[in-house]
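Data block below; observations after.
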Amino acid sequence: MKGRVRVSGAKNAVLPILAASLLASRGTSHIEDVPALLDVQIMMDTVAALGAVVERHGATVRVNAERLHSVEPPAELVRRMRASFVVAGPLLSRFGEATVALPGGCNIGPRPVDLHIKGFEAMGATAVIENGAVRLQAPPGGLRGARIYLDIPSVGATQNIMMAACLAKGLTVIENAAKEPENVDLANYLNKMGARVRGAGTDTIRVEGVEELHGAAHNVIPDRIEAGTYLIAGAVVGDGVYVENAVSQHVMSLIAKLEEAGVHIEDDVAGIRVWPAEQRRLRALDVKTNFYPAYPTDLQAQIVAGLTHSLGTSTVTETVFENRFMHVAELQRMGAEIHIEGRTAIIEGVEQLSGAQVTATDLRAGAALVIAGLMADGVTEVLGVHHIDRGYDNLVGKLQALGADIRRVED
Ligand code: EPZ
């Protein structure tokens, strides 16, 4: 594969930003560079179901939340996508109440929301769990600012508490906050709405509550996980791939690992160029996922796929989620030599993968199986492409444009 591929707006920034648009009691928000993803559509439907006017024009989404008529998003939407749970903070902050279905687990782990609820309670809210939902009630006079320490730097909990704090009375300090770039992007949008959020991207976020927020225009940051997926593909099956619109600062941990594996990478103001490793075989690596800025769990499956053909023995340790190695069994069907010990996958590089019919179990595993299919000898059929549609805007079309022999067969 060679040529240019453009990265779309970040899914994991757009989702909380659409939730945050509910905080605006006047004016319209214009959100630019919104990717065409299933998960984005679910969040747009969730926000619209609460009474907001939501319109998409190409990559721009307009939201007007002046007149909402509910504080209870449809349970089936929240259960379909865990990220919808972050509408709780905005609703609780603006209306003093919210009833949100507890998101189901998903196949990468139980996915609890105890830290979100603990944060709301610290701000004076009561939380009652009944019929699979949590009913949240702010105290008389509304939420009060609080000092909150997160046991885990949870991305979602940081987002929900940050948004709840925007209209609370007084100062909220979130310690051990998640530092992901998507949270910084959310904070930037909130501040354009009139919020007073400081320190996003560091361990400690401070939010000074204000009276009211208004709609704002915002350009979403590029998707660093989509960018990383193409960088890994470019390293193992590319011949000079330029990932346009990628922000190298957001994927430093991946760049460091790929360079350690013998891959030459150059970044410029508009994107990142990646050359293939020697004979397109990565040198063996030890990778350990953790919270940002460490190596991201959302790029774990993809690097495991890339390392199946590496020189030597590699290890990949998943510390964020309990059960995020389901792609391993699928890769083994393609001839990969991997075994799992606890939270670590040990990968013996093989000469060649062979094509097979495999099944995606989550969106990142799906991308990993596509990379493996591009590496393999023969044809690979990846089932469960609806998982891929959740997180990748036109993956097949973008890979075809790079010269990959890939096509979508309606299943
Ligand atoms: C976000 O999920 C991302 N999703 C995930 O990306 C990403 O894998 C994850 O962060 C970690 O980076 C979105 O942004 C929409 P967490 P989130 O809360 O917020 C535990 C993808 O592929 N935890 O940071 O749900 C939890 O069980 C998706 O795009 C609690 O124990 O992740 C997990 O082990 C997959 N209690 C760890 O923290 C809580 O209250 C990290 O979860 C919350 C989380």
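Letter by letter, the sequence shown follows residues 2 to 412 in our numbering.
Backbone N, C-alpha and C define an ideal beta-carbon position, used for all residues, glycine too.
Asked, Found
"Residues bridged to P223 (per DSSP)", "G10"
"Sequence-distant residues of its chain with Cβ nearer than 6 Å to V248 (five each side left out)", "P223"
"DSSP state of E261 mapped onto helix, strand, coil", "helix"
"Cβ-Cβ separation, T320 to T290 (assumed contact under 8 Å), whole Å", "6 Å"
"Any non-hydrogen atom of the ligand EPZ closer than 8 Å to R83 Cβ", "yes"
"Status (buried if at least 16 other CB within 10 Å, exposed otherwise) for P91", "buried"
"Residues near E181 in its chain [Cβ-Cβ closer than 6 Å; skip 5 each side]", "V156 and Y293"
"Alpha-carbon spacing of G367 relative to V386, whole angstroms", "7 Å"
"Nearest-angstrom Cα separation, counted from P36 out to D394", "6 Å"
"Beta-carbon proximity list for H340, same chain, < 6 Å, skipping 5 on both sides", "I347"
"Supposed contact pair A201 and N177 - C-beta distance, whole angstroms, cut 8 Å", "No, N177 and A201 are not in contact; Cβ-Cβ is about 14 Å, not under 8 Å."
"Spatial distance of R63 from A218 (CA atoms)", "9 Å"
"N367, DSSP secondary structure in three states", "Residue 367 is actually Gly in this sequence, not Asn. Three-state DSSP puts G367 in a helix."
"Local Cβ density within 10 Å of P140, reported as buried at 16 or more and exposed below that", "exposed"
"Cβ shell of G404 (< 8 Å), same chain only, five flanking positions each side left out", "M2, K3 and G4"
"Simplified DSSP state of R274, which is helix, strand or coil", "strand"
"Neighbourhood of S30 by C-beta distance below 6 Å, restricted to the same chain and skipping five residues each side", "S22, V64, G216 and A217"
"Other residues of its chain near G52: CB distance less than 8 Å, five sequence neighbours each side excluded", "A66, R68, L69, H70 and S71"
"Integer Cβ distance of D34 from V221, believed to fall under 8 Å", "5 Å"
"Three-way DSSP call (helix, strand, coil) for I18 in this model", "helix"
"Distance CB(A1)-CB(R274) smaller than 9 Å", "Residue 1 cannot be examined here, being either before or after the span of the chain that is shown, 2 to 412."
"V383 burial status per 10 Å Cβ neighbour count (16 or more: buried)", "buried"
"Candidates V270, A271, D268 and V264: closest to I304 by CA position", "V264"
"Where T127 falls, given that 16 or more other Cβ within 10 Å makes a residue buried", "exposed"
"Counted within 10 angstroms of its Cβ, other Cβ atoms place Q160 as buried (16 or more) or exposed", "buried"
"Heavy atom of the ligand EPZ within 8 Å of H31 beta-carbon", "no"
"F121 Cβ short of 8 Å to the ligand EPZ heavy atom set", "no"
"For G120, the nearest candidate out of E213, T316 and R148 (CA to CA)", "R148"
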